[in-house]
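Residue numbers (our numbering), protein chains in the order written: chain F, 579 to 844; chain X, 5 to 329.
Pasting the structure below:
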């Protein structure tokens, strides 16, 4: 791989007796769409938490743009341009959809205590942020609910709002934890188009967890497969499809002596 | 006492204003940053005690002592901020109650703070101590100035009424601007979901700290004003119930509505003090001691009824209230 933006090197993390991530290593290339897949309990979300600083690894290291992340606080990691979403979307329920999006924008001087009572809500930067949020609303097709409480949104809409909010943070890389879960198929397709154009137009790298194989195979450049806390395979989607260890992880081992060789449908 | 006793209602207004200021400090912590500080009264106690101790024992000028009182309250905010980063809301609530009660028991049992007698015993049992030496002429000056407009109605309480409510007004204006600014947006996001705020690059710890320090400032200021208003105070003035009064003010006015805080304070003041006039027939048949308890009972019943009819408070948003976090 030529230009590695994120590298995860032998990270481990256990919860009590459960070794959730057990020496996982993989790399994400700049400007790629990389899918992280694996059966339930494989350690995908834990890996996300370890990369984004919401958990710290017991050992191993995480490098992003040459910086070590494993001891950094989540907010610092986000400020370095690595922004995540959550499996269960975390929208700010008693704030409007608009406020949710505006919160995401970085570099707001009005967030400083000394400035807050001086800048008010009509500053130049605030207007920029508002304009940016308005175009984001259009992108995720939520203009009509701009002033609703985010808590009034459906599960799929929340997912979209969180996606839009992460983009507001002008990330260099986004970690999307099951971005399509609960999103209606038509909107889901649009969301995938956004993800593709995000990479194409803005050069944002995407690392996503997804269970829908069709999606994974269609949009990703590379696939990383985890099982029981380790990476068991990685490579282009077409290689992964035929990888025996991957099929084994998903479908279980064939009984020794069983005649039929595993066949894959593509 | 007559129900239309102006002097009495002026005093009620002063108390409502001071409680309103206390509630504003809680607003920043609880309604903005989502920190359930159940020991908020500690800020008030620290403000009052620090000021009185410095004046009485160190002969510091009143202005400096008052500022020091507020500063100590703010420092206590920093101290509370340290466990804040590690404790979840419910545990934080317990820790803050413990913190404020520790302070109250400390001043009740230390000789130099006057023990249970409070400010009057700060120089020991043989000598009465006061901290209002520089305050009395100052407030007297304002009162004589006010008497040109209000005549006989101008009392020291009326002067205090203006001082307190001007401070409340300024505090609300400043907080209102801050709440509208991006700063307020980050605060509210922490109240709603601090993990989400972190994921967007917001330094949650720093914002919580700021909320506690501002809470300490407003609480300490309320304590200083309280001490100056009543002239003599004791540990009993800083019972945990005061924290709950501040919550009551926030809830009565309407949760998460800054402008509703002074309204809540006034309603609370009227409800709490106004019920002292329940001496008409047939209640007048009951003796005054029993009536004092009846009064508290009535306050409780009215509050329960208000919450049943209007759970969102007077200006709260019912739709917002019903959304789960």
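C-beta: ideal position from N, C-alpha, C; glycine also.
- Of 232(X), 209(X), 223(X) and 119(X), the smallest CA-CA separation from residue 247(X) is found for 223(X).
- Inclusion of residue 715(F) and residue 728(F) in the CB contact set at 8 angstroms is not warranted, their separation being larger than that value.
- Residues are counted here when their Cβ sits less than 8 angstroms from a Cβ of chain X; for the region 720-731 of chain F these are 727, 729 and 730, given in chain order.
- Distance from the CA atom of residue 228(X) to the CA atom of residue 15(X), rounded to whole angstroms, is 16 angstroms.
- In chain order, 694 and 695 make up the part of chain F whose C-beta sits under 7 angstroms from the C-beta of residue 182(X).
- A Cβ of chain X is located within less than 8 angstroms of the beta carbon of residue 684(F).
- Following the DSSP letters along the chain, one finds residue 627(F) inside the alpha helix (DSSP H) bounded by residues 622-629.
- The Cβ atoms of residue 612(F) and residue 755(F) do not sit closer than 8 angstroms to each other.
- Within the region 102-184 of chain X, the complete alpha helix (DSSP H) segments of 4 residues or longer fall at 139-154 and 160-184, listed in chain order.
- For residue 677(F), the C-beta contacts it makes with chain X under 9 angstroms involve 189, 192 and 193, in order along the chain.
- 178, 181, 182, 184 and 185: these are the residues of the region 156-185 of chain X whose beta carbon lies less than 7 angstroms from some beta carbon of chain F, given in chain order.
- Distance from the CA of residue 614(F) to the CA of residue 593(F), rounded to the nearest whole angstrom, comes to 21 angstroms.
- For residue 106(X) and residue 262(X), the gap between their C-alpha atoms comes out near 30 angstroms.
- For residue 90(X), there is no enclosing beta strand (DSSP E), as DSSP marks it with neither H nor E.
- Beta-bridge partners assigned by DSSP to residue 593(F): 596(F).
- Around residue 600(F), the same chain offers 590, 807 and 808 as residues with beta carbons nearer than 6 angstroms, after the five sequence neighbours per side are excluded.
- Taking the CA atoms as reference points, residue 72(X) sits about 7 angstroms from residue 54(X).
- One thing to note: residue 268(X) has its Cβ no nearer than 8 angstroms to the Cβ of residue 47(X).
- The beta carbon of residue 180(X) sits closer than 8 angstroms to those of 262 and 263, all from its chain and outside the five residues before and after it, given in chain order.
- Restricting attention to beta strand (DSSP E) runs no shorter than 3 residues, the region 266-303 of chain X encloses none.
- Here residue 63(X) is exposed, its C-beta having fewer than 16 other C-beta atoms within 10 Å.
- Contacts between residue 630(F) and chain X, judged by CB atoms closer than 8 angstroms, involve 203 in chain order.
- With a cutoff of 8 angstroms on beta-carbon distance, residue 171(X) and residue 25(X) are scored as near each other.
- Per DSSP, residue 715(F) is one residue of the alpha helix (DSSP H) stretching across 702-717.
- In the displayed model, residue 663(F) falls within coil according to three-state DSSP, outside both helix and strand.
- Contact check between the region 209-219 of chain X and the region 34-46 of chain X: three or more CB pairs, one atom from each, fall below 8 angstroms, which counts as touching.
- Separation of the CB atoms of residue 737(F) and residue 757(F) is rounded to 7 angstroms, and the pair is thereby assigned contact status at 8 angstroms.
- With distances taken between CA atoms, residue 616(F) lies nearest to 804(F) out of 582(F), 804(F), 811(F) and 815(F).
- With a threshold of 8 angstroms between beta carbons, residue 77(X) makes no contact with chain F.
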